[in-house]
Amino acid sequence: MKTLIRNGRIVTAVDDYHADILIEGGQIAAIAKSLENVEADRVIDARGRLVIPGGIDPHTHMELPFGGTSASDTFETGTRAAAFGGTTTIIDFAVQYKGQSLAQAVDAWHAKAQGNTSIDYGFHLICTDIPDERLPEMKSMIREGISSFKLFMAYPGVFLVDDATIYKAMKTAGHNGGLICMHAENGVVIDAIVKQALAEGKTDPKYHALTRPTKAEAEGVHRAIALAEIAETAVYIVHLSCSDALDEVTRARDMGTPAYAETCPQYLFLDYSVYEKPGFEGAKYVMTPPIREQWNQEKLWRGLKFNDLQVVSTDHCPFCFKEQKELGRGDFSKIPNGGPGVENRMSLIFNGGVAQGRISLNRFVEITSTAAAKIFGLFPRKGTIAVGSDADIVIFDPNEELEISAKTHHMNVDYSCYEGWKVKGATKTVLSRGELVIEEGTYVGKPGMGQFVKRGEALRF
Ligand code: URP
Ligand code: ZN
Ligand code: ZN
Numbered sequence: 425m426k427t428l429i430r431n432g433r434i435v436t437a438v439d440d441y442h443a444d445i446l447i448e449g450g451q452i453a454a455i456a457k458s459l460e461n462v463e464a465d466r467v468i469d470a471r472g473r474l475v476i477p478g479g480i481d482p483h484t485h486m487e488l489p490f491g492g493t494s495a496s497d498t499f500e501t502g503t504r505a506a507a508f509g510g511t512t513t514i515i516d517f518a519v520q521y522k523g524q525s526l527a528q529a530v531d532a533w534h535a536k537a538q539g540n541t542s543i544d545y546g547f548h549l550i551c552t553d554i555p556d557e558r559l560p561e562m563k564s565m566i567r568e569g570i571s572s573f574k575l576f577m578a579y580p581g582v583f584l585v586d587d588a589t590i591y592k593a594m595k596t597a598g599h600n601g602g603l604i605c606m607h608a609e610n611g612v613v614i615d616a617i618v619k620q621a622l623a624e625g626k627t628d629p630k631y632h633a634l635t636r637p638t639k640a641e642a643e644g645v646h647r648a649i650a651l652a653e654i655a656e657t658a659v660y661i662v663h664l665s666c667s668d669a670l671d672e673v674t675r676a677r678d679m680g681t682p683a684y685a686e687t688c689p690q691y692l693f694l695d696y697s698v699y700e701k702p703g704f705e706g707a708k709y710v711m712t713p714p715i716r717e718q719w720n721q722e723k724l725w726r727g728l729k730f731n732d733l734q735v736v737s738t739d740h741c742p743f744c745f746k747e748q749k750e751l752g753r754g755d756f757s758k759i760p761n762g763g764p765g766v767e768n769r770m771s772l773i774f775n776g777g778v779a780q781g782r783i784s785l786n787r788f789v790e791i792t793s794t795a796a797a798k799i800f801g802l803f804p805r806k807g808t809i810a811v812g813s814d815a816d817i818v819i820f821d822p823n824e825e826l827e828i829s830a831k832t833h834h835m836n837v838d839y840s841c842y843e844g845w846k847v848k849g850a851t852k853t854v855l856s857r858g859e860l861v862i863e864e865g866t867y868v869g870k871p872g873m874g875q876f877v878k879r880g881e882a883l884r885f
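This is the structure in structure tokens:
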């Protein structure tokens, strides 16, 4: 099967030019100013549109069990929604529960995903139980293409691991081609503040935000970087939400420390006022870290512009408002943590970043695709448009206006954090390894067409 994309404006993290692309065997076979004499089974006219590498969202939680329920998007619904939004690869988080081997944890996530996804997927592994004798299992995981691990400084008794464990895991992963992703918040102190708030009868959703100070996040980031420095390795901070935390990453990077970090659209576009919405509405935005005061947003954009933040992921972890967020009515600490976003990331970042003049088009591609590919061992197979790369390609209309709404989105969740927002920039057509998934806004893919991607060593810059 040969596919030809003609007349498009190809934009990568470094290039911007008009050319035709020939796809064969799922990969990009040729790029030339004109391929008009080439025979193809399918020709896609991309005139007036951008042709960009498929988005890579390195932080999703499909079907994640959390707080007595599970994230409402399955791998089937979540990856279809991702494709609608221009994402062609997700890296989801498998979870190792206490007493499980790392292999058991990954097997369970393979069982959920295999045969169900519309786009390619990889796994990070959340480790909750890694005594010394289990550390060698991390090396086996890296060999199996799971080259990154998430550790938590938050959620004592559930996910939290202590500093010695973090240090040893960093040393083991880092010295064997792996990378630790850190949920950096001082969860022990946060738990004390939460208990005190509840004892004072403060139960509304807004207290989720008011009990998680930015300094608790900044302290976690500082500690994570310090532990990585002691272990002589890199660290990747997930879902960084605020200026205080960013300052810690910036300081470290200025000193030459290999500290990397992502932020998410919710921290770039939403602010604390969402928790002051009437009734129980604020529960829709209960995620961790919480949404911060508005002034943090421009600091995060500045971090993205100057590369103190490298990636925009979503932390997609949806729970329905009606049936699931309800679990925390009368006690904010029982509201399942997380929100939807995998479908909206590319358009939101294009609109807020490129259309509003905060970042260049090349930087847009870099923070939504290329940097994640490089950090997580997918580059140059994914994250760029080049001969030999997977033909994960998005044809994007930079001028089309899109209205975001739960009525029209494809995520399996009954609300949108951006209900009614009008954004400029829409995904029109999506190819995953050369196969059409979305054609002019219509799903033409099949669950199961996505494949598990074994990732190489992390951080191959
Ligand atoms: O609230 C969030 N972020 N839920 C997902 C779990 C996590 O910590 O990433
Ligand atoms: Zn987290
Ligand atoms: Zn997460």
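If you count the sequence shown from 1, you need to add 424 to reach our numbering.
Even glycine gets a Cβ: it sits at the ideal position worked out from N, Cα and C.
What are the boundary residues of the beta strand (DSSP E) that includes Lys426? In the sequence shown, counting from the first residue as 1, residue 426 sits at position 2. 426-435 is the span of the beta strand (DSSP E), which, as asked, contains Lys426.
In chain order, what residues of the same chain lie with their CB nearer than 7 angstroms to the CB of Ala495, ignoring the 5 residues before and after it? Mapped onto the sequence shown, residue 495 falls at position 71. Counting only Cβ-Cβ distances below 7 angstroms, and skipping sequence neighbours, we find His485, Met486, Glu487, Leu488, Cys741, Pro742, Phe743, Gly762.
Segment contact, 8 angstroms Cβ cut-off, at least three pairs: the segment 546-556 with the segment 576-585: The answer is yes - the segment 576-585 touches the segment 546-556, with three or more Cβ pairs under 8 angstroms.
Is it buried or exposed, Tyr691, if we count other Cβ atoms within 10 angstroms and call 16 or more buried? On the sequence shown, residue 691 is found 267 positions in, with the first residue counted as 1. Buried.
Does DSSP classify Pro822 as helix, strand or coil? In the sequence shown, residue 822 corresponds to position 398, counting from 1. Strand.
According to the Cβ coordinates, are Asn540 and Glu568 closer than 8 angstroms? For the purposes of this step, residue 540 is identified with residue 116 of the sequence shown, where counting begins at 1. For the purposes of this step, residue 568 is identified with residue 144 of the sequence shown, where counting begins at 1. Taking 8 angstroms as the cut-off, the Cβ atoms of Asn540 and Glu568 do not count as close.
Measuring from the CB of Val662, is there a heavy atom of ligand 5 at a distance below 7 angstroms? Absence of ligand 5 from the depicted structure is noted, with ligand 1, ligand 2 and ligand 3 being the only ligands included.
Since Lys723 contacts Leu670 with CB under 8 angstroms, what's their CB separation in whole angstroms? In the sequence shown, counting from the first residue as 1, residue 723 sits at position 299. In the sequence shown, counting from the first residue as 1, residue 670 sits at position 246. Indeed, because the Cβ distance is near 6 angstroms, the residues count as touching under 8 angstroms.
Can the beta-carbon of Arg433 be found less than 8 angstroms from the beta-carbon of Asp444? What you label residue 433 is simply residue 9 of the sequence shown in a count that begins at 1. What you label residue 444 is simply residue 20 of the sequence shown in a count that begins at 1. Not closer than 8 angstroms, so no.
Hey, is the segment 855-869 in contact with the segment 519-532, meaning 3+ C-beta pairs nearer than 8 angstroms? Note that the segment 855-869 does not touch the segment 519-532; fewer than 3 beta-carbon pairs, one per stretch, sit closer than 8 angstroms.
Give the DSSP-derived three-state secondary structure of Tyr839 in the structure shown. Translated into positions along the sequence shown, residue 839 becomes position 415. It is coil, neither helix nor strand.
One question on the structure: do Thr436 and Ile799 come within less than 8 angstroms of each other, judged by their Cβ atoms? Position 12 of the sequence shown, counted from the start, is the residue given in the question as residue 436. Position 375 of the sequence shown, counted from the start, is the residue given in the question as residue 799. The answer is no: Cβ separation not under 8 angstroms.
By the 10 Å Cβ neighbour count, where 16 or more other Cβ atoms means buried, how is Trp533 classified, buried or exposed? In the sequence shown, residue 533 corresponds to position 109, counting from 1. With 16 or more Cβ atoms within 10 Å of its Cβ, Trp533 is classed as buried.
In the DSSP assignment, find the alpha helix (DSSP H) that holds Lys536 and state where it starts and stops. As a first step, residue 536 is located in the sequence shown; it is residue number 112 there, counting from the start. It spans 526-537 - the alpha helix (DSSP H) in which Lys536 sits, taken as one unbroken run.
Given a threshold of 16 other Cβ atoms within 10 Å of its Cβ, counted over all protein chains shown, does Glu767 qualify as buried or as exposed? Taking the first residue of the sequence shown as 1, we reach residue 767 at position 343. Buried.
Quick check on DSSP: helix, strand or coil for His646? On the sequence shown, residue 646 is found 222 positions in, with the first residue counted as 1. Residue state for His646 is assigned as helix, using DSSP reduced to three classes.
Nearest residue (CA-CA) to Ser665, options Val613, Asp678, Val645: Residue mapping note: residue 665 aligns to position 241 of the sequence shown, counting from 1. Residue Val645 is the option with its Cα nearest to Ser665.
Could you tell me which residues DSSP pairs with His834 in its beta bridges? Stepping through the sequence shown from its first residue, residue 834 is reached at position 410. According to DSSP, residue pairing for His834 in a beta bridge does not occur.
What did DSSP end up calling Ser512 once you bin it into helix, strand or coil? Residue numbering aside, residue 512 sits at position 88 when the sequence shown is read from its first letter. With the sequence shown as reference, residue 512 is identified as Thr, and Ser is not the correct amino acid for it. Note: Thr512 maps to strand in three-state DSSP.
Can you check whether the CB of Asp816 is closer than 8 angstroms to the CB of Gly502? Residue 502 sits at position 78 when you count from the first residue of the sequence shown. Residue 816 sits at position 392 when you count from the first residue of the sequence shown. Result no, Cβ atoms of Gly502 and Asp816 do not sit closer than 8 angstroms.
Would you mind reading off the limits of the beta strand (DSSP E) that contains Gln451? Sequence index remark: in the sequence shown, residue 451 carries index 27 (1-based). For Gln451, the uninterrupted beta strand (DSSP E) segment begins and ends at 451-456.
Leaving out five residues before and five after Tyr441 in sequence, what residues of the same chain have Cβ atoms less than 7 angstroms from its Cβ? Here residue 441 corresponds to residue number 17 of the sequence shown, with the count starting at 1. Around Tyr441, the same chain offers Ile434 as residues with beta carbons nearer than 7 angstroms, after the five sequence neighbours per side are excluded.
Look up Lys848 in the DSSP assignment and give the residues it is bridged to. Residue 848 sits at position 424 when you count from the first residue of the sequence shown. Note: Lys848 sits in a beta bridge opposite Glu825.
State the Cα-Cα distance for the pair Thr794 and Ala707, rounded to the nearest angstrom. For the purposes of this step, residue 794 is identified with residue 370 of the sequence shown, where counting begins at 1. For the purposes of this step, residue 707 is identified with residue 283 of the sequence shown, where counting begins at 1. Roughly 33 angstroms separates the two Cα atoms.
Runs of alpha helix (DSSP H) lying entirely within the segment 529-605, each at least 4 residues, in chain order: Entirely contained in the segment 529-605, the alpha helix (DSSP H) runs reaching 4 residues are, in chain order, 559-567, 587-598.
With the cut-off set at 8 angstroms, would you say Lys574 and Val662 are in Cβ contact? Numbered from 1 along the sequence shown, position 150 holds the residue referred to as residue 574. Numbered from 1 along the sequence shown, position 238 holds the residue referred to as residue 662. Yes, Cβ-Cβ distance for Lys574 and Val662 is below 8 angstroms.
In whole angstroms, what is the alpha-carbon distance linking Ser572 and Glu460? As a position in the sequence shown, residue 572 is number 148, starting the count at 1. As a position in the sequence shown, residue 460 is number 36, starting the count at 1. Using only the alpha carbons, I get a separation of about 43 angstroms.
Residues in its own chain within less than 8 angstroms of Val612 by CB, not counting five upstream and five downstream? Sequence index remark: in the sequence shown, residue 612 carries index 188 (1-based). For Val612, where only same-chain residues beyond five positions count, the Cβ hits under 8 angstroms are Pro580, Leu584.
Could you check if Ile614 is buried or exposed, using at least 16 other CB atoms within 10 Å of its CB as the buried criterion? Position 190 of the sequence shown holds residue 614. Around the beta-carbon of Ile614, 16 or more other beta-carbon atoms lie within 10 Å, marking it buried.
Does ligand 3 have even one heavy atom less than 7 angstroms from the beta-carbon of His483? Within the sequence shown, numbered from 1, the residue matching residue 483 stands at position 59. Result yes, Cβ under 7 angstroms from ligand 3.
Closer than 7 angstroms to a non-hydrogen atom of ligand 3 - does that hold for the CB of Asp544? Counting from one through the sequence shown, the residue named residue 544 turns up at place 120. No; taking the cut-off as 7 angstroms, the Cβ of Asp544 has no heavy atom of ligand 3 nearer than that.
May I have the straight-line CA-CA distance separating Phe887 from Lys536, to the nearest angstrom? Missing from the structure shown is residue 887; the chain here goes from 425 to 885 and no further.
Helix, strand or coil, according to DSSP, for His740 in the structure here? To locate residue 740, count along the sequence shown from 1; it is residue 316. Note: His740 maps to strand in three-state DSSP.
Below 7 angstroms, is the gap between the Cβ of Thr712 and the nearest heavy atom of ligand 2? Here residue 712 refers to the residue found at position 288 when the sequence shown is read from its first residue. If you check the C-beta of Thr712 against ligand 2, you find a heavy atom less than 7 angstroms away.
Sufficient close CB pairs (3 or more, under 8 angstroms) joining the segment 683-699 to the segment 822-829: Under the 8 angstroms Cβ criterion, the segment 683-699 does not count as touching the segment 822-829, having fewer than three qualifying pairs.
For Val868, which residues of its own chain have a beta-carbon under 8 angstroms away from its beta-carbon, when the five flanking residues on both sides are left out? Taking the sequence shown and counting its residues from 1, one reaches residue 868 at position 444. Annotation for Val868: Leu860, Val861, Ile862 place their beta carbon closer than 8 angstroms to its own, counting only its chain and skipping 5 residues before and after.
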